[in-house]
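Contents: one structure, followed by commentary.
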């Protein structure tokens with residue numbers, strides 16, 4: 028089971044670093060649509076991604092059209108605070124792409140209105156503009172895995188020094 032996380036014009040390197048770390052932990056690929064608000068060599072990106080960044084499958088695209096062309100018009104969910112349906116209302120499938128917009132403005136509305144049935148939101152109080160981008164990715168991605176029985180992810184944790192009894 029694998030999913031693809033797409034960041035449309037991300038602006039904050041530490042968010043992208045954290046998202047990259049989440050992708051490595053789940054075996055997902057990260058897709059970055061330019062322009063980026065930072066360089067991939069920035070210290071904040073590497074610090075947030077820790078030593079995971081070297082193991083990340085990451086692809087950059089010149090723009091949204093380049094992304095579509097290189098991925099053969101994939102099935103994409105658009106995470107936005109403006110969606111009519113919640114992220115728990117859809118059925119995620121292996122190979123799905125889940126797109127998140129830049130921190131200051133989200134996904135361009137031109138893309139949203141073209142795909143209203145693929146737009147999803149995380150419920151929150153009305154006065155809240157949005158959640159942190161890295162947190163939003165983790166919430167939606169783990170729901171996709173939950174719906175699919177966490178297929179491919181390790182299900183039991185090991186202690187560092189001791190063993191679980193029983």
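In the numbering used here, the protein residues as written are 28 to 193.
From the three backbone atoms N, C-alpha and C, an ideal C-beta is built for every residue, glycine too.
1) Please determine, among 153, 121 and 117, the residue with the shortest C-alpha to C-alpha distance to residue 179.
2) Along the chain, which unbroken stretches of the beta strand (DSSP E) at least 3 residues long are found entirely within the segment 123-165?
3) If we require 3 or more residues per run, which beta strand (DSSP E) segments fall completely within the segment 78-110?
4) Mind checking residue 190: buried by the 16 CB within 10 Å criterion, or exposed?
5) Buried or exposed: residue 131, going by 16 or more other Cβ atoms within 10 Å of its Cβ?
6) Enumerated in chain order, which unbroken segments of the alpha helix (DSSP H) with a length of 4 residues or greater are wholly contained in the segment 34-78?
7) So residue 60 and residue 164 are in contact, right, with Cβ under 8 Å, and what is the actual spacing, rounded?
8) Rank 97, 70 and 105 by C-alpha distance to the C-alpha of residue 117 and give the top, closest one.
Looking at the atomic coordinates:
1) 121
2) Counting only runs of 3+ residues, the beta strand (DSSP E) found wholly inside the segment 123-165 occupies 124-127 and 146-148, in chain order.
3) 85-88 and 103-106
4) exposed
5) exposed
6) 40-53 and 70-76
7) So it is not a contact: roughly 14 Å between Cβ atoms.
8) 105
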